[in-house]
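For the sequence shown, the numbering used here gives the first residue as 1, with consecutive numbering after it. Note that CB positions come from ideal geometry on N, CA and C, so glycine has one too. Everything below concerns the one structure shown next.
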Amino acid sequence: MKVLPFTIPVPEGQTIIVQEEIENHFYPHLHRHAEIQITWIKRGEGTLLAGNSMHPFKQGEIYVLGANLPHLFRSSPEYFDERSRMTVQELTIFFDPAGKLSALFDLAEMQAVKAFFEKWQVGFKIPMEVIGTFREQIDMVQHTRGVYRMSVFLRMLNLMMGIENLQPLSAASRTQPLTDPEGMRIASVLNYIMHNYSSALTLEDVALQAHLTPNAFCRYFKKHTRVTFVAFVNKVRVNQACKLLINGELNNIADVAYSCGFSSVNNFNLTFKKIMGKTPRDYVNDYTRRVK
């Protein structure tokens, strides 16, 4: 298990770090770092865990993650199949307003930018209606150097501040600081759930991952995620069910329900409607109408 926090390698002579990676799956451990992160998912899909919330992600989307926000881009299960030849690709910009860039962000002209990222430490997703603009901006940051890279980077931040109706990725107004031991413990628990949601997860089994009694674990989990253990597991399962329903990989709703760890179709339908606001069948029908 990787320990929190995570250290981003800083290339010599750079304060704006650009990394493009092509792997079999995304980095599989919950982690956090001092740098703000802007990630363009060029290829791949799965579930994003950001702070205490989860979101399905897919190719083409862009996410902004605040400094020290615990997060994990968890690839869909098929990427972990040993026989799979699937790959993921991401392009990420890292920058730390409190590090080498602190002198820049302390300037009077930069106070609005600084305040914006402090407000959105919980992260946000770039809306689809402006995503083309930001793909171009990220691409330009990647392929420029020196003072021109800095000017393009600042222009991108300025455009970001002008986006209307942003939605936070995490429900918490501020992420709760984690000590390294706490980070290791909650990371172990969340990774265990993300790996085993399709099977019969019991409270006792998961509590063992945190070396706690079931009652103590329930209190601990709610404190760090602000949701109950059952609610979190159900959200993970429903997120996966949404992808399976849209992709049409299974024959019927019952197959989707059981493959995602639900014990009955009735329980799946009730839980799905509670989380998504509609039944699985209505969800598929609505998606089909949108893409026609």
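Cα-Cα separation, residue i to residue j
| i | j | result |
| --- | --- | --- |
| residue 37 | residue 74 | 16 Å |
| residue 261 | residue 270 | 14 Å |
| residue 80 | residue 86 | 9 Å |
| residue 117 | residue 161 | 9 Å |
| residue 233 | residue 206 | 11 Å |
| residue 255 | residue 156 | 44 Å |
| residue 147 | residue 92 | 19 Å |
| residue 141 | residue 236 | 34 Å |
| residue 175 | residue 63 | For residue 175, the predicted model reports a pLDDT of 48, less than 50, meaning its position is unreliable; a value from the coordinates is still stated below. Using only the alpha carbons, I get a separation of about 17 Å. |
| residue 231 | residue 258 | 18 Å |
| residue 222 | residue 170 | 15 Å |
| residue 193 | residue 200 | 11 Å |
| residue 39 | residue 218 | 33 Å |
| residue 198 | residue 290 | 29 Å |
| residue 24 | residue 54 | 22 Å |
| residue 103 | residue 220 | 39 Å |
| residue 131 | residue 158 | 15 Å |
| residue 110 | residue 154 | 10 Å |
| residue 215 | residue 240 | 28 Å |
| residue 151 | residue 129 | 24 Å |
| residue 278 | residue 264 | 18 Å |
| residue 149 | residue 121 | 24 Å |
| residue 296 | residue 248 | Nothing about residue 296 can be reported from this structure: the residues present for the chain run from 1 to 292 only. |
| residue 145 | residue 211 | 49 Å |
Cβ shell of residue i (< 8 Å), same chain only, five flanking positions each side left out
| i | result |
| --- | --- |
| residue 283 | 242, 245, 272, 276 |
| residue 112 | 161 |
| residue 78 | 84, 86 |
| residue 287 | 245, 246 |
Residues near residue i by beta carbon distance below 6 Å, same chain, minus five either side
| i | result |
| --- | --- |
| residue 21 | 90 |
| residue 94 | 8, 17, 35, 37 |
| residue 274 | none |
| residue 137 | 156 |
| residue 126 | 62, 134 |
| residue 68 | 32 |
| residue 281 | none |
| residue 65 | 37, 71, 123 |
| residue 253 | 280 |
| residue 195 | none |
7 Å Cβ shell around residue i - same chain, five flanking residues per side excluded
| i | result |
| --- | --- |
| residue 296 | Outside the modelled stretch of the chain, which goes from 1 to 292, sits residue 296, for which no answer is possible. |
| residue 227 | 52 |
| residue 50 | 65, 69, 71, 123, 169, 170 |
| residue 139 | none |
| residue 99 | 34 |
| residue 164 | none |
| residue 285 | none |
Bridge-paired residues (DSSP) for residue i
| i | result |
| --- | --- |
| residue 237 | The partner list for residue 237 (beta bridge, DSSP) is empty, contrary to what the question assumes. |
| residue 131 | Answer is none; residue 131 lacks a bridge partner. |
| residue 63 | 39, 125 |
| residue 46 | 57, 75 |
| residue 91 | 20, 40 |
| residue 31 | 71 |
| residue 168 | 124 |
Beta carbon of residue i nearer than 8 Å to that of residue j
| i | j | result |
| --- | --- | --- |
| residue 105 | residue 166 | no |
| residue 88 | residue 135 | no |
| residue 267 | residue 29 | no |
| residue 48 | residue 71 | yes |
| residue 41 | residue 59 | yes |
| residue 186 | residue 224 | yes |
| residue 189 | residue 209 | yes |
| residue 15 | residue 101 | yes |
| residue 250 | residue 229 | no |
| residue 114 | residue 97 | yes |
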